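Colleague: Order-wise, the sequence lines are chains F and W.
For the first sequence, position 27 (counting from the first letter as 1) is numbered 27 according to the numbering used here, and the numbering increases by one without interruption.
Add 270 to the 1-based position in the second sequence for the numbering used here, that's all there is to it.
Glycine is no exception: its CB is placed at the ideal position from the N, C-alpha and C atoms.
Every value quoted in this text rests on a predicted model; they were computed, and no experiment measured them.
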Amino acid sequence: MKPAPFDYTRPADLPGALKALGGDGARALAGGQSLGPMLNLRLARPGLLVDLRRVDELRRIEQRGDALVLGAMTTHASIEDGQVPDTTRGMLRRVAADIAYRAVRTRGTMGGSLAHADPAADWVTALTALDATLTIARGGGTSTALMAGFMTGAFATALGDGAMLTAISIPSLSDRARWGYYKICRKPGEFADAIGAVVLDPARDYRRVVMGAVGGAPVVLESLAAKLPFDSTPTLTRAEIEAAAPAMDSVDRQLHVVAVERALAQAYAR
Amino acid sequence: MIPVELTINGKAVKKTVEPRLSLADFLRDHLRLTGTHTGCEHGVCGACTVEVDGQIARSCINLAVACDGAQVRSIEGFDDDPLMEKLRQAFTAEHALQCGYCTPGMLIAARDLIRRKPGADLATIRHAMSGNLCRCTGYVGILRAIQRVIGEPLPAEVAPAPKAVVAVTPSAAVPPAAAPAGRAGWTTLEQRIDLPHAPDKVWALFQDLARVAPCMPGAELVDYAGGDRARGRVTAKFGPISASFEGEASFRADPAQRIGTILGTGRDRRSATRAEGEVRYTLTPLADGKATRVVILLQFGLAGPLAQFGRTSLVQDFVSRLTVQFARNAEAALAGSTAAPKQLDTGSMLWAVVKAWLARLFGRG
Chain F
1 MKPAPFDYTR
11 PADLPGALKA
21 LGGDGARALA
31 GGQSLGPMLN
41 LRLARPGLLV
51 DLRRVDELRR
61 IEQRGDALVL
71 GAMTTHASIE
81 DGQVPDTTRG
91 MLRRVAADIA
101 YRAVRTRGTM
111 GGSLAHADPA
121 ADWVTALTAL
131 DATLTIARGG
141 GTSTALMAGF
151 MTGAFATALG
161 DGAMLTAISI
171 PSLSDRARWG
181 YYKICRKPGE
191 FADAIGAVVL
201 DPARDYRRVV
211 MGAVGGAPVV
221 LESLAAKLPF
231 DSTPTLTRAE
241 IEAAAPAMDS
251 VDRQLHVVAV
261 ERALAQAYAR
Chain W
271 MIPVELTING
281 KAVKKTVEPR
291 LSLADFLRDH
301 LRLTGTHTGC
311 EHGVCGACTV
321 EVDGQIARSC
331 INLAVACDGA
341 QVRSIEGFDD
351 DPLMEKLRQA
361 FTAEHALQCG
371 YCTPGMLIAA
381 RDLIRRKPGA
391 DLATIRHAMS
401 GNLCRCTGYV
411 GILRAIQRVI
421 GEPLPAEVAP
431 APKAVVAVTP
441 SAAVPPAAAP
451 AGRAGWTTLE
461 QRIDLPHAPD
471 KVWALFQDLA
481 RVAPCMPGAE
491 LVDYAGGDRA
501 RGRVTAKFGP
511 ISASFEGEAS
521 FRADPAQRIG
531 TILGTGRDRR
541 SATRAEGEVR
551 YTLTPLADGK
561 ATRVVILLQF
571 GLAGPLAQFG
581 RTSLVQDFVS
591 RLTVQFARNA
601 EAALAGSTAA
611 PKQLDTGSML
621 WAVVKAWLAR
631 LFGRG
């Protein structure tokens, strides 16, 4: 259980990090709570680890207009502990507090989780539901991408070689917004078997229902969201949720439908 | 080798270490602080829990070099801590340990919980302690011990926890249908692709191993001289992981029914993972025989390190993407293209296995 040898560098700023990441076999270390086990099992064998811990730009937290902008190296624990302004009526905090275990949350980061793109991870689903926008830096400059569509499959993203996720911009929820987030795990802290996430915000005429931990990228259930009222409880049947879900086997379908059902119930109970 | 400077249990430490050295091994092997235990060594069991900059962390999945400049506190550093003293007494009184292997991690995690959530109820304690595994005493005594201390006022000397400073669905035509049960413990997946060519033409391609194998992203024939056996290699990448499976396959074909079966075994030398499986493909005509539907039933089992990541739904997603690329390459091959088949442009891994099967499988019938 010892990793295969690799080189290590700890750049002090963004240009340094981008330069290092441009090298052959380079891999970003953004907390390393998923990469660490893979290194130990020798499943991952990078030539060079680029530790982003010293890049201060990646820890910046700002409120910009109607959005909260979190640096990619923001840890789950700092969100859990309320060190990040609450602009989502408690949703970010609730999601963060239930990621893996405390000893993992203190080191693991939001940007690391998104770039790693494990389908069963929390942020890929929660931030799709919140309609986050990602800032991506590469040699030539920066660009933005919507979270919905950023993940292209299990452990696959639109990031591309040598590019780096630097910040996550999360639209603030209004006072009238509702949200629900429900995940099903065999044991607390384990990889999720199914996740349901719901965000409704009448101030922006925004409705989104997301089914996560599906194997690939989280699935936005548009037809289902369109049916949701803002001010009264919906009368959705389980069959309607099933009809909106992608194809999966009966056990998976049951888990995912229940997760969405419970997320909806939470949203409307709020 | 990289120089690293950090403070451990209040003492400054300066060493030169290999980048791959974990904080746990650094403590145990380089500093002889063997109170930190290593259990699973991949972040699951919690036995190696220590404090880094006042927050608990798993020392087995954090690199020593990544802790440069940090304040690390291992179980030895808590000898004079008043809260830890209370916890030690409670662990004794409630019979919260037997072999003691998980105990250093349990104590450090419990102390952190008590400082963060004084007065927490049993359900909260259970939930928070779920990241630390005990394999002999069981959890009842441990939970009682924590309950005993968590209800009391925090000792004045124990500082509260420090606050850090922080200002598509698979696109293919792939609905996996209910598949027949495979061998015990095997994973079964079904994939479908439709090709705009007549079944005879598709069948001919599938029987021509030298032509069809390259259509599978990552596949390579190592040794094939015709006949119903071949040796091959399949390399796959899945996120940060990559694997290369080398193995043998044998083929059977029923031209009348257009059903082919491939049986294979392979091994990834680097991860020492073995894979075994069967692929069955069935060709049926579509659109009055102008097109062909290929139904692929894949059944496989993995043994070894990679199997630990074998979450079926992930494999499914990977195989879906693989199948899409295979279908495109096969279509190009059927249309007479001589361009090099495209590889899967995604991340890296074990699903290589799967790939291995698909690869060979299409080989011959």
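Of all the options W:Gly502, W:Leu568, W:Pro525, which has the alpha carbon lying nearest to the alpha carbon of Ser514 (chain W)?
Modeller: Of W:Gly502, W:Leu568, W:Pro525, the residue nearest in Cα terms is W:Gly502.
Colleague: What residues match up with Arg42 (chain F) in a beta bridge as DSSP calls it?
Modeller: In DSSP, Arg42 (chain F) forms no bridge with anything.
Colleague: Answer with yes or no whether the minimum CB distance from Gln325 (chain W) to chain C is below 7 Å.
Modeller: Going by chain labels, chain C is absent from the structure shown, which instead holds the protein chains F and W.
Colleague: Find the nearest neighbour of Thr233 (chain F) within the set F:Asp51, F:Gln266, F:Glu240, judged by alpha-carbon distance.
Modeller: The shortest Cα separation from Thr233 (chain F) among F:Asp51, F:Gln266, F:Glu240 belongs to F:Gln266.
Colleague: Return no unless some Cβ of chain W is closer than 7 Å to the Cβ of Tyr8 (chain F).
Modeller: Yes, its Cβ sits closer than 7 Å to a Cβ of chain W.
Colleague: What does the alpha-carbon distance come out to for the pair Ala336 (chain W) and His76 (chain F)?
Modeller: Their backbone Cα atoms lie some 18 Å apart in a straight line.
Colleague: Answer yes or no: does any C-beta atom of chain W fall closer than 7 Å to that of Pro3 (chain F)?
Modeller: Closer than 7 Å to some Cβ of chain W, the Cβ of Pro3 (chain F) qualifies, so yes.
Colleague: Can you grab the Cα-Cα spacing for the pair Thr407 (chain W) / Leu49 (chain F), in whole Å?
Modeller: Near 39 Å, if we compare the C-alpha coordinates of Leu49 (chain F) and Thr407 (chain W).
Colleague: Say whether chain F places a C-beta atom closer than 7 Å to the C-beta of Arg328 (chain W).
Modeller: With 7 Å as the cut-off, Arg328 (chain W) counts as an interface residue toward chain F.
Colleague: Within the continuous alpha helix (DSSP H) that includes Tyr268 (chain F), where are the two ends?
Modeller: Run containing Tyr268 (chain F): 250 to 269, per the alpha helix (DSSP H) assignment.
Colleague: Check this for me: beta carbons of Tyr182 (chain F) and Ala263 (chain F), under 7 Å apart or not?
Modeller: Against a cut-off of 7 Å, the Cβ pair of Ala263 (chain F) and Tyr182 (chain F) comes out as a contact.
Colleague: By the 10 Å Cβ neighbour count, where 16 or more other Cβ atoms means buried, how is Ser607 (chain W) classified, buried or exposed?
Modeller: The residue in question, Ser607 (chain W), is exposed, as its Cβ has fewer than 16 Cβ neighbours within 10 Å.
Colleague: Evaluate contact between the region 153 to 162 of chain F and the region 185 to 193 of chain F, counting only Cβ atoms and requiring at least three cross-stretch pairs below 8 Å.
Modeller: Cβ pair count under 8 Å is below three, so no.
Colleague: Which chain F residues are close to Val564 (chain W), counting only those with a beta carbon under 7 Å from its beta carbon?
Modeller: Chain F residues near Val564 (chain W): none, gap ~18 Å exceeds 7 Å.
Colleague: By the 8 Å beta-carbon criterion, what residues does the region 15 to 40 of chain F contribute toward chain W?
Modeller: The residues in question are Arg27, Leu29, Gly32, Gln33, Leu35, Gly36, Pro37, Met38, Leu39, Asn40.
Colleague: Does DSSP put Val589 (chain W) in a helix, in a strand, or in coil?
Modeller: In this structure, Val589 (chain W) counts as helix in the three-state DSSP scheme.
Colleague: So is Gly108 (chain F) in contact with chain W if we call contact Cβ pairs under 7 Å?
Modeller: So no, Gly108 (chain F) is outside the interface.
Colleague: Taking 8 Å as the cut-off, does the region 210 to 222 of chain F touch the region 291 to 308 of chain W (at least 3 CB pairs, one atom from each stretch)?
Modeller: Not touching, per the Cβ criterion.
Colleague: Give the C-beta separation of Ile331 (chain W) and Asn40 (chain F) to the nearest angstrom, bearing in mind that I take them to be a contact with Cβ-Cβ under 8 Å.
Modeller: That pair is a contact at about 7 Å.
Colleague: If Thr593 (chain W) sits next to Gln461 (chain W), beta carbons under 8 Å apart, how far is it from one beta carbon to the other, in whole angstroms?
Modeller: Thr593 (chain W) to Gln461 (chain W), Cβ: 5 Å. Contact.
Colleague: In its own chain, which residues sit with a C-beta less than 8 Å from the C-beta of Asp86 (chain F), not counting the 5 before and 5 after it?
Modeller: These residues qualify, in order along the chain: Leu92, Arg93.
Colleague: Are the region 517 to 536 of chain W and the region 59 to 68 of chain F touching by the rule of at least three beta carbon pairs closer than 8 Å?
Modeller: The region 517 to 536 of chain W vs the region 59 to 68 of chain F: no contact.
Colleague: Assuming contact is defined by CB atoms lying nearer than 7 Å, are Leu567 (chain W) and Ala545 (chain W) in contact in what I supplied?
Modeller: Against a cut-off of 7 Å, the Cβ pair of Ala545 (chain W) and Leu567 (chain W) comes out as no contact.
Colleague: For a test of the three-state rule: what should DSSP assign to Leu570 (chain W), helix, strand or coil?
Modeller: The question names Leu, yet the displayed sequence has Phe at residue 570 (chain W). Strand at Phe570 (chain W).
Colleague: Restricting to Cα atoms, I'd like to know which of W:Pro466, W:Val428, W:His365 is closest to Ile416 (chain W).
Modeller: Closest by alpha carbon: W:His365.
Colleague: Sorry if obvious, but does the Cβ on Gln254 (chain F) come closer than 6 Å to a heavy atom of the ligand NAD?
Modeller: By its list of ligands, the structure shown contains no ligand whatsoever, and the ligand NAD lies outside what it can speak to.
Colleague: Would Ala334 (chain W) and Leu291 (chain W) qualify as a contact pair, given that the criterion is a beta-carbon distance under 7 Å?
Modeller: A contact, by the Cβ cut-off of 7 Å.
Colleague: State the CB to CB distance for the pair Ile378 (chain W) and Val322 (chain W), rounded to an integer number of angstroms; the pair is presumed to be in contact (CB under 8 Å).
Modeller: Between Val322 (chain W) and Ile378 (chain W) the Cβ distance is about 11 Å, and since that is not below 8 Å, they are no contact.
Colleague: Provide the residue(s) that pair with Thr233 (chain F) in DSSP beta bridges, ordered along the chain.
Modeller: For Thr233 (chain F), which the question treats as bridged, DSSP gives no partner whatsoever.
Colleague: In the DSSP output, what is Trp473 (chain W) paired with across the bridge?
Modeller: Beta-bridge pairing links Trp473 (chain W) to no other residue.
Colleague: Which bits of chain F does Ala398 (chain W) rub up against, with CB to CB less than 7 Å?
Modeller: Per Cβ cutoff of 7 Å: Arg102.
Colleague: Taking the C-alpha atoms as reference points, what is the distance between Ala167 (chain F) and Asp66 (chain F)?
Modeller: Roughly 15 Å separates the two Cα atoms.
Colleague: Output needed for Ala129 (chain F): all residues of its chain with C-beta closer than 6 Å, excluding positions within five of it in sequence on either side, in chain order.
Modeller: Hits under 6 Å: Ala197, Val199, Arg208, Val210.
Colleague: Kindly list the residues whose CB is nearer than 7 Å to the CB of Val444 (chain W), restricted to its own chain and excluding five residues on each side of it in sequence; keep chain order.
Modeller: Unreliable positioning characterises Val444 (chain W) in this predicted model, as indicated by a pLDDT of 33, which lies under 50. A coordinate reading is not provided.
Colleague: Between the Cα of Ala602 (chain W) and the Cα atoms of W:Gly574, W:His467, W:Arg537, W:Thr552, which residue gives the shortest distance?
Modeller: The candidate whose alpha carbon is nearest that of Ala602 (chain W) is W:His467.
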